[in-house]
Amino acid sequence: MPRLSRPRAVLLWVVLALGALAMFFPFWWTVVTSLTSGAGLSSTPAIVPADPSWAGYAELFRRTPFARVVLNSAGLAVTTVVVQIVTSSLAAYVFARIEFPGRQVVFTAYLVTMMIPMQVLLVPLFVQMKTWGLVDTYLGVLLPGVASVFGIFLLRQAMSTVPRELDEAATIDGAGHLRIFGMVVMPLVRPAVATFAVFSFMSSWNSFLWPLVILRSAELKTLPLALASLVGQYSTRWDVLMAGSVVSVLPMLALYLVAQRHIIQGIAGTGLK
Numbered sequence: 006m007p008r009l010s011r012p013r014a015v016l017l018w019v020v021l022a023l024g025a026l027a028m029f030f031p032f033w034w035t036v037v038t039s040l041t042s043g044a045g046l047s048s049t050p051a052i053v054p055a056d057p058s059w060a061g062y063a064e065l066f067r068r069t070p071f072a073r074v075v076l077n078s079a080g081l082a083v084t085t086v087v088v089q090i091v092t093s094s095l096a097a098y099v100f101a102r103i104e105f106p107g108r109q110v111v112f113t114a115y116l117v118t119m120m121i122p123m124q125v126l127l128v129p130l131f132v133q134m135k136t137w138g139l140v141d142t143y144l145g146v147l148l149p150g151v152a153s154v155f156g157i158f159l160l161r162q163a164m165s166t167v168p169r170e171l172d173e174a175a176t177i178d179g180a181g182h183l184r185i186f187g188m189v190v191m192p193l194v195r196p197a198v199a200t201f202a203v204f205s206f207m208s209s210w211n212s213f214l215w216p217l218v219i220l221r222s223a224e225l226k227t228l229p230l231a232l233a234s235l236v237g238q239y240s241t242r243w244d245v246l247m248a249g250s251v252v253s254v255l256p257m258l259a260l261y262l263v264a265q266r267h268i269i270q271g272i273a274g275t276g277l278k
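Numbering (the working numbering), first residue to last: 6 to 278.
This is how it looks when you write it as structure tokens:
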């Protein structure tokens, strides 16, 4: 690509810097509000708190069993990631590498289900979970997310870029589909798997509607439900609510920093730009 002239390069950096500040500012405002004791909508906290206070965090853990809530969400999110990686990668391998009649029709029909909003499925899913006796259980939260259409699509796109000559060489050496899947294809699509793992973890970590419908017990609450319970009917301790928001963001931030390189490679390599 041709090199940009100096004025255009400076203008580009200014635009990018302003965009970065605009995206970063809500997170900084959340942190500042969480450190401002008694902060509310009527009082605007300073950009840098003059007298930072951890009272909001102390009140957060006093009001709710927040450590248990974080563990609930983490356990559900990790389990969802592991299960979805297994099911999605196996299905993606079938769609990408195994020829069978109607493969493209089945794959297209499967993708169409991404167009169905979750709100449409709430009632039938709840009736099904109630019939199976899984209301107010972790299994009831997990079962609807066992398979991921997005994950199958993402991993199928990545596996389609792996040369089939590698499969043929492995077949000559006596490898079957499971060995080719585990030892040839999966190691080559690790960036896509890491990308999907982050998206899957984020989706489960932030899930609100389905856990709200299926869970009843306070000790089973997930993080979004606990944060929603901090909003009062007549008043809200915004420093406490923002403290909970900061705590909820930290695991996602850590996960992204760890998998950042793989995420960029996975998105670029699977055509999700």
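All residues carry an ideal CB built from backbone N, CA and C; glycine is no exception.
Sequence-distant residues of its chain with Cβ nearer than 8 Å to residue i (five each side left out)
i: LEU148; result: MET134 and LEU139
Segment limits, alpha helix (DSSP H) that includes residue i
i: ILE157; result: 154 to 165
i: ASN77; result: 71 to 102
i: LEU17; result: 11 to 39
i: PHE105; result: Careful: PHE105 lies outside any alpha helix (DSSP H) and carries neither H nor E.
i: THR279; result: Shown here, the chain extends from 6 to 278; a query on residue 279 therefore has no answer.
i: PHE66; result: 60 to 68
i: ILE185; result: 182 to 185
Rounded C-alpha distance that separates residue i from residue j
i: ALA82; j: ARG13; result: 44 Å
i: VAL252; j: GLU224; result: 18 Å
i: VAL245; j: GLU64; result: 6 Å
i: ILE185; j: TYR62; result: 50 Å
i: VAL15; j: LEU26; result: 16 Å
i: ALA101; j: SER94; result: 10 Å
i: TYR98; j: ILE90; result: 12 Å
i: GLY187; j: THR113; result: 25 Å
Assigned secondary structure, residue i (DSSP; H/G/I helix, E/B strand, else coil)
i: THR242; result: Just to set this straight, residue 242 is Arg in the shown sequence, not Thr. Looking at ARG242 - three-state DSSP - the assignment turns out to be coil, as it is neither helix nor strand.
i: ILE219; result: helix
i: SER209; result: helix
i: VAL140; result: coil
i: THR227; result: coil
i: LEU214; result: helix
i: ALA55; result: coil
i: LEU235; result: coil
i: VAL203; result: helix
i: VAL194; result: coil
Contacting residues, own chain, Cβ-Cβ under 7 Å from residue i (five flanking each side not counted)
i: LEU193; result: VAL167
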